[in-house]
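Chains as they are written, first to last, in the numbering used here: chain A, 99 to 328; chain B, 99 to 328; chain C, 99 to 328; chain D, 99 to 328; chain E, 99 to 328; chain F, 99 to 328.
Where is the CB? At the ideal position from N, CA and C, for every residue including glycine.
Keep in mind the model is a prediction, meaning the values are calculated, not measured.
Accompanying notes for the structure given below.
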């Protein structure tokens, strides 16, 4: 269940018997022909599904990520790294204060990865805090599904073309991955990436997307058990 | 229309003929018996309605605000002032770069007001930027509706009890406004505010809420014309 | 009494029997024909008067505020929001460490209001700290005096034209309030506000100013009792 | 003349024929038996005298400096280094925007010295800015006066005991300078420095203080000519 | 050649005919039985070798990285993420100002990866800047060498056990990779990682290490050509 | 011994019987005809010598300092003041956590002096921390050696021309110290300082340099005893 469906009495009650929380990180950035909010919609869909099965609550999404290289694509809104990290720290301190102790970050966007280090820093300061981080497209489970179907996961390609992230028709022909000369500026990035897809087919059959989603969901449900080492 | 329904091609096309944007600020904090996300849901509802009539696009909500005094109420997530201001600056710089020039901030939460000063600072640096700010509950139009019905606007009371912000039954008897001794800490705030309502009836008849909503919407549509002084 | 009249032995002695403190916030910015330091002089005059009657000590004024919109008026010196908030936090931490526990901020300038949120943040971290905030021109008492005389409080108008803030002759005719199109940049602000007065008469009779001052002083003396809720 | 005696029209007029400015930095910290505001009062007295002779304007003092080691002495208010530097940058950017081009910082306190580096940083960004810095007690002129009278300049001793910084009777016997083991914490500093004087006589005859003042004033008037190298 | 072997005249001369630069990032953190400075020594060795063959200059190493999880291992010195990013930005701005336009970051440590995003941000602001980033242990070339020898690259294992990073005898038996429960705090990390090796053999034969080194060096020499896309 | 020669087991063992540490601060900036890294090489040489005699460990050098005024000299890399201070704070917190309690900063560069204030701030927060600071060229011992030989210590002159900092032939004729008009920008600094030497002979006989080095070394060995006041 999402925070927005609840009031503070509900949260207080929840904390009587559970201290887990799912936090969704995303981005608002170009995804080729797909929704600008792909990176929110995908982890949020996973969060909702995982919440339904596990009962773990879901915080409101952080709708923006760090996307400096895509700023020449209209609709891309990029936080500075420092802003994102501060934001995530504030969120963690807030919920830790109230008794949440086991946090799962469902990350929808690679540019948010630096937040991991800030989370380590915060974990050094807040007692009894267990933090997990799950980036669905980097999980072994998802990579296996991709490999099974001879597919390569790339930005704004088939990988993110779920039914719920499509907002326009997609090209039929796959894209040849562009050559990227280093850490490019936004101006160069737009030249290099053209329509924004990083290469490969623009879409695959729905059953593959279902497999991807299910594989991720299983991972998440597993992580939500927060097993400690023996 | 919301960014999430669009891809970057859509935004590029929009910028051919329009440079206005609606940006929604909110909070995730205690609202008594109402949704923790009241302050997002209300301006977002207004934004959607205004967008439908004006065609102006709506960015993804900033789901968190500055709520340090409510941190003892579970479910409240508070950004530091500095974090919020940095975030808003990043958003403005991103969209200004892409050609948006007339921005309307629809603010759902009083704790976000300091962002106005950062917006002034940014406006001193970015050319040809027109920024408006609308806090619905502080508008003359809304205050007039309230006065007409002998009501006083307060946090988490009838004022925010729209059909779409209710997540639980509301008490019938009005609340006596608490005495607040200065700028309280979160611990004191919880003692002072009890259930979180700042005083007054918990709900009023729906037609009044409709009047409030309509009055705000008219204001917003008016502001979206971005009239310049003569 | 002001800190500048004392040495540290005096403060140590004072802390034996009192833990209250008056802190003055102001600004250095255009005030039309009035002194650039209006916003310091007024709260400082109130602080001195309140100190004389209550014995509460007064810290040195923070002579600058956040005034980005007035930067095109020569003599306006504006801190970034972040700078002001850091400064106020540093001051509070310093005096709290030494035993001051009840702080009254006498604010002379609206642009300093964001400091309230930082004070809430600090109050969450420092034990046993009671903070009050008083902005004289927004108090009910002052507004009542204004209403009694059919006057409206506005920036750089009669409201701030005390004998001790005048540095030049004032125009006789009242000013028509300008139309302000949103959160303006400094360049636009100068065009809009012209001489800097926000509208209304440039001065009123001294007895009204005395009433204003007395009403504020009474408020302050009341707040300095730091009554706790029952 | 001080900003507080002027309005913005006056500054605008001044900028027609001059672009120099005196900025006063100080501190609010223990000075033994002397005023907590010694470090403001001395440079401000010099600024007023220099202004009277040169016509150069004087900004409102920055009443606080960086004094972490004195925080155990009640009445000491310390900014973090970062806060002071930000503040000074904000001040310089504000006045540079309005046309001031030759700035003399009259510094009253050694702990403010790091501001010099930020000023260098700012000077790399703002065109045509000439900045001078004068710390009266470190000037050759003042050191010569001290040497002539067999005196050593130290914190809170005779050196700062001007008639206008005394707020209490001073001990007759000189103090033996304490041994300071490195960069001490505030707790250690109070143990080490006792009454706060760093060693030497607590006062000297007034004519010596006059010589000190005059020597400084001559330096300042000289610097205010902002001679450029040939 | 390293900066330390040169004076500013040498750099000025170099900039007449070349604008490339190698910048070395590392860490000072536990590496099991290996040197605390492994992550500096390895990229610095590569930088020196590449410099010798290409003539490209090498800046002084940034000797610290972001290692919050290893802080319970004595000798680990960790910068906050924000500090590292600021530092790298300062370095880039400095050398860009002087005419360096093609920068190769030789990174020795995974915890420095967030710097990439700051580099993208800086690249958006500085004209004509080409930045490449090379993390030797993540390169395809090195991974291929590892795979050829049935080895897995892990922290503080054989992968980093070059002759020039060994400071003590190494265990003979390989280590079983530990189970890591999420983003651990420093206290948990020490429990989980024991001697600090992340799993696998502690050393391999020197010829393999030579292959690793040579593969990396070839990559670097290739990148130093800064080929642009056609 | 340097950290780089050790692994974490070594540090842990060291901390069983000692809690002292030498930390080296430097700069990468123009030094006339001398190495860009003079300010690292000199304190590092002193640190190594002191370590050999005392057994106190030496951390990896911070290779960059705050040198905004030299940025027009190619090869100068300048950190912002804020970056350096953050870095030093991070280093101190890291080693304090692990049990180091007596820290000697061997500073090679005047522009790093503001770090002292941050160290005071940190000392107020970390218990049982003793910090010393030694800037060799400002020590009485070194000044005495200079005076004995009728020499004046200045930047990039004979003072820093040790055998191990020379990277090119030095001019024979002494330089006339330039006139410096205030806190100059980088552009002005280059005009004023020409080859970078601040005045005086470019070199002196080696036995004088040995005297300088020995005088410093004795100071350092003395400080490393961290004698407390009685």
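- For residue 269 of chain F, the closest Cβ of chain E is not nearer than 8 Å.
- For residue 113 of chain C, the enclosing alpha helix (DSSP H) begins and ends at 106 to 115.
- Residues of the stretch 199 to 223 of chain E with a C-beta atom less than 8 Å from some C-beta of chain A are 209, 211, 212, 214, 215, 216, 217, 218, 219, 221, 222, listed in chain order.
- Counting only the Cα atoms, residue 215 of chain C lies some 11 Å from residue 208 of chain B.
- Judged by beta-carbon spacing, residue 324 of chain F lies within the 8 Å limit of residue 118 of chain F, meaning their Cβ atoms are closer than that value.
- Taking a contact to require three or more Cβ pairs closer than 8 Å, the stretch 256 to 270 of chain D and the stretch 302 to 317 of chain D qualify as touching.
- For residue 244 of chain D, the uninterrupted alpha helix (DSSP H) run begins and ends at 238 to 246, by DSSP.
- Interface with chain A (8 Å Cβ-Cβ cutoff): residue 325 of chain E is included.
- The beta carbons of residue 276 of chain F and residue 290 of chain F sit about 5 Å from each other, so the pair counts as a contact at 8 Å.
- Residue 186 of chain A and residue 159 of chain A have their C-alpha atoms some 11 Å from each other.
- Taking C-beta atoms under 8 Å as the contact rule, residue 157 of chain F and residue 183 of chain F fail to qualify, at a distance of about 17 Å.
- By the neighbour-count criterion, in which 16 or more other beta carbons inside 10 Å mark a residue as buried, residue 203 of chain A falls on the buried side.
- Contacts between residue 180 of chain D and chain F, judged by CB atoms closer than 9 Å, involve 179, 180, 183, 184, 216 in chain order.
- For residue 126 of chain D, the closest alpha carbon among the candidates C:107, C:134, C:271, C:102 is that of C:102.
- Not a single C-beta of chain B is nearer than 8 Å to the C-beta of residue 318 of chain C.
- With 16 or more other Cβ atoms inside 10 Å of its own Cβ, residue 104 of chain C counts as buried.
- Residue 160 of chain F carries a strand assignment under DSSP once its states are collapsed to helix, strand and coil.
- A direct Cα-Cα distance of roughly 18 Å separates residue 326 of chain E from residue 152 of chain E.
- Taken through DSSP and simplified to helix, strand or coil, residue 278 of chain F comes out as coil.
- The residue from A:106, A:282, A:174 with its alpha-carbon nearest to that of residue 129 of chain A is A:174.
- Segment contact: the stretch 226 to 238 of chain E against the stretch 274 to 288 of chain A, three or more CB-CB distances shorter than 8 Å; contact assigned.
- Out of D:271, D:205, D:287, the CA that lies nearest to the CA of residue 137 of chain D is found in D:205.
- In terms of Cβ geometry, residue 144 of chain F and residue 234 of chain F form a close pair [threshold 8 Å].
- Nearest to residue 292 of chain E by C-alpha distance, out of E:180, E:168, E:124, E:232, is E:168.
- The beta carbon of residue 147 of chain A sits closer than 7 Å to the beta carbons of 315 from its chain, once the five residues preceding and following it are set aside; these are given in chain order.
- A Cβ-Cβ distance of about 4 Å is found for the pair residue 296 of chain C and residue 252 of chain C, placing them in contact under the 8 Å criterion.
- Listed in chain order, the positions of the stretch 111 to 124 of chain B with a beta carbon within less than 7 Å of a beta carbon of chain A are 113.
- Annotated three-state conformation of residue 129 of chain F is strand, per DSSP.
- Taken in chain order, the members of the stretch 187 to 199 of chain B whose beta-carbon sits within less than 9 Å of a beta-carbon on chain A are 187, 188, 189, 191, 192, 193, 195, 196, 197, 198.
- Take the alpha-carbon of residue 239 of chain C and the one of residue 178 of chain B: they are about 32 Å apart.
- In terms of CA proximity to residue 180 of chain A, A:213 leads the group A:213, A:192, A:154.
- Residue 124 of chain C and residue 134 of chain C have their C-alpha atoms spaced approximately 10 Å apart.
- Going by DSSP, residue 228 of chain D is part of no alpha helix (DSSP H) but of the beta strand (DSSP E) stretching over 228 to 233.
- Contact between residue 113 of chain B and residue 197 of chain B holds, with the beta-carbon distance rounding to 5 Å and staying under 8 Å.
- Within the stretch 127 to 155 of chain F, contact with chain E at the beta-carbon level (separation under 8 Å) is assigned to 128, 129, 130, 131, 132, 133, 134, 135, 138, 139.
- Look at residue 167 of chain F: its C-beta is under 8 Å from a C-beta on chain D.
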